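Engineer: Structure below; questions to follow.
Have a look at this one:
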């Protein structure tokens, strides 16, 4: 049974500063949605609001249509994987994984069985008796995963979990997380500032900037059809050529660039609007002058 | 020490400070306020505290030659002890900061051990050592360094010798903390550029350890100026300092207003030094930032 | 190396009085002399048979135990509040909390004497306990804060995220992780309370002699080796308590 997540008009203000503003997002059942953006864009604040660690100043959070905005953090059933894993250093791997089950006061037999199963799922069965400090970064990561997966939560929340790993390990763990998420089918939110990560791991990406969502789309949509200048600039590389729209029909535009000539472009714009054409480097062909 | 800021959790964890805050208000701030107020009350020998208001006690302390002598002696004691602690504490702290593992643990324990023993016990040890016939004098005479015994007991010199030992650990700990904080790679860079050991010390280590020297000095000065046990036992009634004067006024003569005035004069001197040290520290930081 | 020769001398200077006191506890002479002459245990015997010294030890122990209990609770809560709370003026509150360490005890002693006189606590045991708690709580706070800084605060959030209530999070996650700091702080507080003299001098009522007070007053009149004996016993106790604690809990960057 999978669940969907909806953020409706979510916002968080600290005094005069708006960390998150008017965030509307619908994450479908079993979907992995990435929150992507530069530091300070509000992606982590949004995630922590879903987790219940921050109370929104406006808006609602709905899981399967039910409003959980007022529910306390420990009752949300939205397992979170933290940036530094946040494993309990004084507990063995097994006790770490069993922690959430114990909170629910499940019978011992069930706890033991499910713990063992979760550890197997992430390939750490043999390390059940070890302490976190005895594990490598990748192993700690897996324990953090097992710890939330064992609870079969409604949602999975990832707070930049891979940023502390070296490049090779990151790619490997990325794939492991993705396949685990897909095989279990849990709806997930993944916060990252790394575009490659977002593109590989997620079904859809929500690009955020200064507290607002600039665009939500598949990795390909966000890359090929950026909705705003920020997205065009942030995602991949673009050459931005300033100009004014001369002619617009059904999304086909004629833009007179500042240097003089008129170029064709796509976009939602009206004649007279000023803006910039984004041209990806790979779309540029060099040819001899007389062609 | 600084507080590490933590993204505030939404459940008023801050409220947990209230019990201790209440306790301190009741058993420290309140009494200090009472003392301050009472230092402005009139006092008549034999009749006790009056209802009048006066600054006579402060005036008395700051103008009467006998009291000025005590004030001067106490400040001198503070300065001399602080300087000796810097002089002796720096080599020890420097050595300590370069040790690791077991050796460091041992030396650290040696530094810490005096703090675990009561000030009375330590002073008692000095009383034995410093008497005219004591170990120190006999050794000095045997070595031919002096003809007759040096009068340590019941003199400032004796107080200084003992007080420096009592307060030295504080200076060492403050310096050690600062020295440990110096990024070893700065030292490596200096040596890589050709600096010898002496230059590294004088131009890099010493300047960078100034914050520790300042904080250690403020602490030692404060404790030296307010020291009671050591001056009382070693100096005796012949060498009064502010702390012993306060005790006498407070406990024997029951002239609380005057005792309060002396107490706040002592506090004022400590705060003045603290502000000077902060100023020096800030100037040092400003100079570093401006690159001069 | 020159540095080590100098440091050895300074270290000797640091230890000198303690060594002297311990050594003179065994002297056969009627007054403490260093180096001691002869060897005898009779001063220890005399102390253990002296009702006044035993009374003083008992009072000091009770006082230290009670004030340590209070200091541990107040200090642990305060440390948690400072480290995990977010409120304006946190630095100021922290400075106030730590101030008793630097504050001249003689001033505090007089202030408390006058204050207690007004509220009827002068010369009472609860009054002394309260004062000792003020003096020792900062050490508990420091030790607990050091412990708190050693683990990722996110583990508390992780526990909540996994379903733990605040109470469970505190007892199963936070408390085990700060226990070293709490214990170290409590031991420190106990030792400091036991050794405390100045404030106690002001606040002790007639017949209420703590061990340091007893030693102090006896030193003002005469100097006998039984004072050395009792001081030696104290030092021994602190060594027995302090050393294992030191090795287990005070990891001041020794690695």
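Protein chains in written order, with my numbering: chain A, 462 to 752; chain B, 19 to 310; chain C, 130 to 384. For glycine and all other residues, C-beta sits at the position ideal for the given N, C-alpha and C. Quick caveat: nothing in here was measured; it's all calculated off a predicted structure.
With burial defined as no fewer than 16 other Cβ atoms inside 10 Å of the residue's Cβ, what is the status of residue 220/B: buried or exposed?
Structural biologist: exposed
Engineer: Closer than 8 Å is the cut-off here; do at least three beta carbon pairs connect the region 667-685 of chain A with the region 723-733 of chain A?
Structural biologist: As far as the Cβ criterion goes, the region 667-685 of chain A does not touch the region 723-733 of chain A, which means the pair count is below three.
Engineer: Tell me which same chain residues have a C-beta within less than 6 Å of the C-beta of residue 110/B, skipping the five on either side of it?
Structural biologist: 190
Engineer: Candidates 217/B, 45/B and 216/B: which alpha carbon is nearest residue 239/C's?
Structural biologist: 45/B
Engineer: Counting Cβ pairs closer than 8 Å, one from the region 239-258 of chain B and one from the region 172-187 of chain B, do we hit at least three?
Structural biologist: yes
Engineer: Step through the CB atoms of chain C and report whether any lies within less than 7 Å of the CB of residue 159/B.
Structural biologist: no
Engineer: Which runs of the beta strand (DSSP E) at least 3 residues long sit entirely within the region 662-733 of chain A? Give them in chain order.
Structural biologist: 665-670, 673-678, 700-710, 713-718 and 723-727
Engineer: Which residue marks the beginning of the alpha helix (DSSP H) containing residue 637/A, and which one marks its end?
Structural biologist: For residue 637/A, the enclosing alpha helix (DSSP H) has its first and last residue at 628-645.
Engineer: Under a three-way DSSP split, which group does residue 171/B fall into?
Structural biologist: coil
Engineer: In angstroms with no decimal places, state the Cα-to-Cα distance between residue 193/B and residue 185/B.
Structural biologist: 13 Å
Engineer: Going by DSSP, which residues form a beta bridge with residue 71/B?
Structural biologist: 59/B
Engineer: Residue 521/A and residue 558/A: beta carbons closer than 7 Å?
Structural biologist: no
Engineer: Check the Cβ of residue 305/C against every Cβ in chain A and list those closer than 8 Å, keeping chain order.
Structural biologist: 551
Engineer: Between 328/C, 266/C, 152/C and 294/C, which lies nearest to residue 257/C when the distance is taken from Cα to Cα?
Structural biologist: 328/C
Engineer: Does the beta carbon of residue 284/C come closer than 7 Å to any beta carbon on chain A?
Structural biologist: yes
Engineer: Going by DSSP, what residue range makes up the beta strand (DSSP E) through residue 485/A?
Structural biologist: 478-488
Engineer: Can you find a C-beta in chain A that's less than 7 Å from the C-beta of residue 293/C?
Structural biologist: At least one chain A Cβ lies under 7 Å of residue 293/C.
Engineer: Given residue 230/B, which residues of its chain have a CB within under 6 Å of its CB, disregarding the five upstream and five downstream residues?
Structural biologist: 192, 193 and 196
Engineer: Closest to residue 322/C by CA distance: which of 186/C, 272/C and 307/C is it?
Structural biologist: Closest option to residue 322/C, Cα to Cα, is 186/C.
Engineer: Listed in chain order, which residues of the region 206-222 of chain C have Cβ atoms closer than 9 Å to some Cβ of chain B?
Structural biologist: 206, 207, 208, 209, 210, 211, 212, 213, 214, 215, 216, 219, 220 and 222
Engineer: Looking at the structure shown, is residue 338/C part of a helix, part of a strand, or coil, going by DSSP?
Structural biologist: coil
Engineer: Give the secondary structure of residue 616/A by DSSP, where H, G and I count as helix, E and B as strand, and everything else as coil.
Structural biologist: strand
Engineer: For residue 135/C, decide whether its Cβ has a neighbour in chain B, counting only Cβ atoms nearer than 7 Å.
Structural biologist: It does; some Cβ of chain B falls within 7 Å.
Engineer: What does residue 296/B reach in chain C if we use C-beta pairs closer than 7 Å?
Structural biologist: Near residue 296/B there are no residues of chain C at all, since even the closest Cβ is about 13 Å away, more than 7 Å.
Engineer: Buried or exposed for residue 296/B, going by 16 or more other Cβ atoms inside 10 Å?
Structural biologist: Counting C-beta atoms within 10 angstroms of its own C-beta, residue 296/B has fewer than 16 neighbours from the protein chains shown and is therefore classed as exposed.
Engineer: To be precise: take each residue of the region 503-522 of chain A, compare its Cβ to all Cβ atoms of chain C, and keep it if any distance is under 7 Å. Which residues remain?
Structural biologist: 512 and 514
Engineer: What is the rounded straight-line gap between the Cα of residue 103/B and the Cα of residue 194/C?
Structural biologist: 33 Å
Engineer: Chain A beta carbons: is any one of them nearer than 7 Å to that of residue 324/C?
Structural biologist: no
Engineer: Short check: CB of residue 702/A to CB of residue 718/A, under 7 Å?
Structural biologist: Yes, the Cβ-Cβ distance between residue 702/A and residue 718/A is below 7 Å.
Engineer: Buried or exposed for residue 706/A, please, with buried defined as at least 16 other CB atoms from any protein chain shown within 10 angstroms of its CB.
Structural biologist: buried
Engineer: Please report the straight-line C-alpha distance between residue 84/B and residue 75/B, rounded to a whole angstrom.
Structural biologist: 14 Å
Engineer: Assess contact between the region 603-618 of chain A and the region 635-650 of chain A, defined as three or more Cβ pairs (one per stretch) separated by less than 8 Å. Is contact present?
Structural biologist: yes
Engineer: Look at the Cβ atom of residue 207/C, then the Cβ atom of residue 265/C, and state whether they are nearer than 7 Å.
Structural biologist: no
Engineer: Taking contact to mean 3 or more Cβ pairs, one atom from each stretch, closer than 8 Å, check whether the region 59-67 of chain B and the region 272-287 of chain B are in contact.
Structural biologist: yes
Engineer: Roughly how many whole angstroms lie between the Cα atoms of residue 281/C and residue 306/C?
Structural biologist: 10 Å
Engineer: Can you give me the C-alpha to C-alpha distance between residue 673/A and residue 502/A, rounded to a whole angstrom?
Structural biologist: 8 Å
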